[in-house]
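In the numbering used here, the protein residues as written are -3 to 625.
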C-alpha cells in the first residue's frame, strides 16, 4: 500500500452515495479540474478497484505526446496524470472507501446474521461472473449482475450498495444488506490479478485467477454423478465468509435422494451419503484457501437447502480439526437432516442456527428413521416432479424402507418462522423453537403422521406441492427481513418477543392440540391390538405420550417469549458495539423498502385496538389452527 492509498482510505466522500461531483469548482478561475483515482497515480493497480466513469477524467493526450517524442526505441513507462504548465490544476482524488455486509461474530443468534446470511446464501446460486471465465491473459472484470464477482469485486469496492443477488428479484421489492462503510483494504476481498506482477497469475495449467480462487463449481464435470457442488469464499481481517449453494440441478436431486448412511471420517457417526460426497468435493478448495488466508478470523458459513447440509458437514469437519482450532459459526436455511444421532451428539459443540420456514417440506427429509435405497426413491421422485404428482408421492411413501442405521436427526438450534393469522385482515409472525413434533394436528408416526422434530405442516401432499416456502429469494430472505424488522421495532420500543395478543392465540391452539393428542392416546389404548401388546400400537402410545408432554413444554417456551425483552445485542450481535452501526442503519432505513409498513414484519396491534377494526368486518372469524403452522 502506498501512502497515497492510506490517505485516500482515511478520506470520506463528499456525497453520501459516493458518486463523483458533477460541478467544476475550478471553472470560474479558468483553471483545470481533474477527477482522479489512486490507480491513476500509482504503478501497481491490480489490487485497486475498477475505474469509474467520471465527468472530468484525466486526459492522456500529454502522456501519449511524450511517448511519441521519446528518444529511446522502448516505450516510456509513464504513469500518472499529465498537467499543463503555467496554469493551476485542481486534482480531486477519489476516496478509497468500500461497503461490506455487517456481520456478528458472536456465537449467539442475531436477527442481523439471520438476514445477512440468507442473502449470502442466495448469492451462492449465481455464477462467479468473471470475464474471461477461464485462462485470462492480462486483466479480468466482473460485468455480470447478479454474480459473486460483481458483488464483491466491482459493486462493493466502488462504494455501490448492491441488492440484486438473484435474477428473479424485482426492483420493486429490493432486499438490501446492512452495509458498513470501511477503508478499502478492510473489504471482503477478491484477490488481485496481474500476470506481470504475480507469478501464479501467468497462463499455465495451474494458473490462479479470482474465479478459481474464490469460487468452486464442478457442475460441468459431475453433472449426473451426484458430485456437482458450488460455493464461494472470501475474507477480511476479522471474518472468513463461505456460502454454499442449495439444490438447483438434476444431479443435486439425485444426490438428495441418496439417503444411505456412510461413516463421517472427519468426526463421529454416520451421515447422508450424497451430502457427504458433495462435501468431499468441496473440501480441498476450502482448505487450500484457509491455508493461505486464515489468520485466526471467525469462519462464518451459510447454506440453503442442500447447501445447508453440505455447510454443516464442512463446519463440523473444520471444528473437529484440532490442529487448527478454527472458530466456526453456522447459519442454515431449510436444510434437510444430515446425520444420525451419534453424529449430532458429537457435533453438539458446533454453533449452528437453522431457520425453517412454515410449510417447507425439505427440512422434513430424510425422515428420522429412514435409510432408503436410491432405486426405490427414483421412481417416486420422477412421478412427483415430472409426471403424476399424486402417484409419485404414493410410490415415494410406499418405497421407503429401513435398512439399518441410527435415526436421522437435526443438528443445531431451530428457529422456526411461524405466521400468525388473527383474522382475514390481520397477521403477524413469530420466530421461535416450538419443541414439539406437531403444531397443526395432534399426530405422530403411523397414528397421526409424526415427522421427526418438526411440525408436519399441512399434510405431506400439501408440503410437497408448496416448494415456494423453500425458496431462498421468495421465502427465506423476505421472512428473515421480516424478523429483522420486527426485532428492531421490538428492541426500540422495549417490547417483548411475543405480544400478549399473539400469546393468547397461539397458546389456545397449543392447548387444543394437546387435548387432541391425549384423546388419541386414550383411543389407541382402548384397542384390542394395544391390549394384546401389538408392538406398533405400543410404539404409537409411547410417541403420543411424548408429544403430550412436548406440547406442554411448547406452552412454557411461548410463555417465556411473552415476557422476554430484546436487547440490542439480540438484534445485532457483536455489531451492536460497532461505531459504524448507526450510520449503517441510517443508510439502510433510508431505502424505501425498509420503511414500508408490512404486517408480517410489524408488532401487531393490541387486542383492544384490533377489535375496533374487527367490528367493522363482515362477520365473526373462526380461528384455524392451520393459520399458524
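Think of the CB as a built atom: it goes at the ideal place given N, C-alpha and C, for glycine as much as any other residue.
According to DSSP, residues forming a beta bridge with residue i
{"i": "residue 190", "result": "Bridge partners of residue 190: none, in fact."}
{"i": "residue 353", "result": "413"}
{"i": "residue 561", "result": "492"}
{"i": "residue 229", "result": "238"}
{"i": "residue 91", "result": "Paired residue(s): none; residue 91 is not in a bridge."}
{"i": "residue 299", "result": "240 and 328"}
{"i": "residue 86", "result": "29"}
{"i": "residue 347", "result": "325"}
{"i": "residue 96", "result": "176"}
{"i": "residue 137", "result": "127"}
{"i": "residue 404", "result": "336"}
{"i": "residue 294", "result": "235 and 323"}
{"i": "residue 266", "result": "259"}
Classification of residue i by the beta-carbon crowding that lies within 10 angstroms, buried from 16 upward
{"i": "residue 10", "result": "exposed"}
{"i": "residue 122", "result": "buried"}
{"i": "residue 336", "result": "buried"}
{"i": "residue 580", "result": "buried"}
{"i": "residue 150", "result": "buried"}
{"i": "residue 76", "result": "exposed"}
{"i": "residue 359", "result": "buried"}
{"i": "residue 527", "result": "exposed"}
{"i": "residue 399", "result": "Bear in mind that a pLDDT of 39 at residue 399, under 50, signals an unreliable position, so the number given afterwards is only what the model happens to contain. It is exposed - the Cβ of residue 399 has fewer than 16 other Cβ atoms within 10 Å."}
{"i": "residue 19", "result": "exposed"}
{"i": "residue 301", "result": "buried"}
{"i": "residue 498", "result": "buried"}
{"i": "residue 354", "result": "buried"}
{"i": "residue 79", "result": "exposed"}
{"i": "residue 161", "result": "buried"}
{"i": "residue 142", "result": "buried"}
{"i": "residue 420", "result": "exposed"}
{"i": "residue 382", "result": "Per-residue confidence for residue 382 stands at a pLDDT of 30, beneath the threshold of 50, marking its modelled position as unreliable; no derived number is given."}
Boundaries (first-last residue) of the alpha helix (DSSP H) holding residue i
{"i": "residue 329", "result": "Counting along the chain, residue 329 falls outside any alpha helix (DSSP H), though it belongs to the beta strand (DSSP E) covering 323 to 329."}
{"i": "residue 213", "result": "Unbroken run through residue 213 is the beta strand (DSSP E), 211 to 213; no alpha helix (DSSP H)."}
{"i": "residue 281", "result": "269 to 289"}
{"i": "residue 426", "result": "Here residue 426 belongs to no alpha helix (DSSP H); instead the beta strand (DSSP E) covers 423 to 428."}
{"i": "residue 112", "result": "107 to 119"}
{"i": "residue 338", "result": "337 to 342"}
{"i": "residue 61", "result": "57 to 64"}
{"i": "residue 585", "result": "577 to 585"}
{"i": "residue 526", "result": "524 to 527"}
{"i": "residue 0", "result": "-1 to 5"}
Contact test: residue i Cβ vs the ligand GDP heavy atom, cutoff 6 Å
{"i": "residue 412", "result": "Looking at this structure, you won't find the ligand GDP or any other ligand, since it has none at all."}
Closest residue to residue i among the options (Cα-Cα distance)
{"i": "residue 170", "options": "159, 177, 432 and 176", "result": "159"}
{"i": "residue 555", "options": "531, 512, 504 and 522", "result": "504"}
{"i": "residue 202", "options": "132, 411 and 418", "result": "132"}
{"i": "residue 237", "options": "279, 185 and 191", "result": "185"}
{"i": "residue 24", "options": "50, 585, 151 and 84", "result": "84"}
{"i": "residue 542", "options": "348, 27, 289 and 517", "result": "517"}
{"i": "residue 574", "options": "487, 100 and 46", "result": "100"}
{"i": "residue 578", "options": "239, 175 and 226", "result": "175"}
{"i": "residue 34", "options": "418, 531 and 2", "result": "2"}
{"i": "residue 488", "options": "506, 472 and 566", "result": "566"}
{"i": "residue 510", "options": "549, 406, 316 and 538", "result": "549"}
{"i": "residue 230", "options": "468, 283 and 257", "result": "283"}
{"i": "residue 406", "options": "420, 346, 424 and 415", "result": "346"}
{"i": "residue 326", "options": "497, 289, 410 and 259", "result": "410"}
{"i": "residue 167", "options": "596, 589 and 597", "result": "589"}
{"i": "residue 591", "options": "523, 480 and 496", "result": "480"}
{"i": "residue 155", "options": "31, 414 and 46", "result": "46"}
{"i": "residue 308", "options": "58, 288, 530 and 343", "result": "343"}
{"i": "residue 492", "options": "564, 233 and 514", "result": "564"}
{"i": "residue 232", "options": "273, 475, 470 and 97", "result": "97"}
{"i": "residue 559", "options": "178, 476 and 490", "result": "490"}
{"i": "residue 415", "options": "427, 408, 277 and 49", "result": "427"}
{"i": "residue 408", "options": "241, 470, 465 and 328", "result": "328"}
Limits of the beta strand (DSSP E) - the one that residue i falls within
{"i": "residue 28", "result": "28 to 32"}
{"i": "residue 177", "result": "175 to 179"}
{"i": "residue 258", "result": "257 to 259"}
| message | For the stretch 206 to 216 against the stretch 262 to 269, do three or more pairs of beta-carbon atoms, one drawn from each stretch, fall closer than 8 Å, so that the two count as touching? | response | no
| said: Three Cβ pairs or more, each shorter than 8 Å: is that satisfied between the stretch 135 to 148 and the stretch 544 to 554? | reply: Here the stretch 135 to 148 makes no contact with the stretch 544 to 554; the two share fewer than three CB pairs at distances below 8 Å.
| query | Below 8 Å, can you find three or more Cβ-Cβ pairs linking the stretch 333 to 348 to the stretch 296 to 312? | reply | The stretch 333 to 348 vs the stretch 296 to 312: in contact.
| field | Cβ contact check for the stretch 91 to 109 and the stretch 479 to 493: 3 or more pairs under 8 Å | value | yes
| query | Do the stretch 38 to 55 and the stretch 189 to 202 touch if we need at least three Cβ pairs shorter than 8 Å? | reply | yes
| message | For the structure I just gave you, are there three or more beta carbon pairs, one from the stretch 86 to 94 and one from the stretch 316 to 331, closer than 8 Å? | response | no
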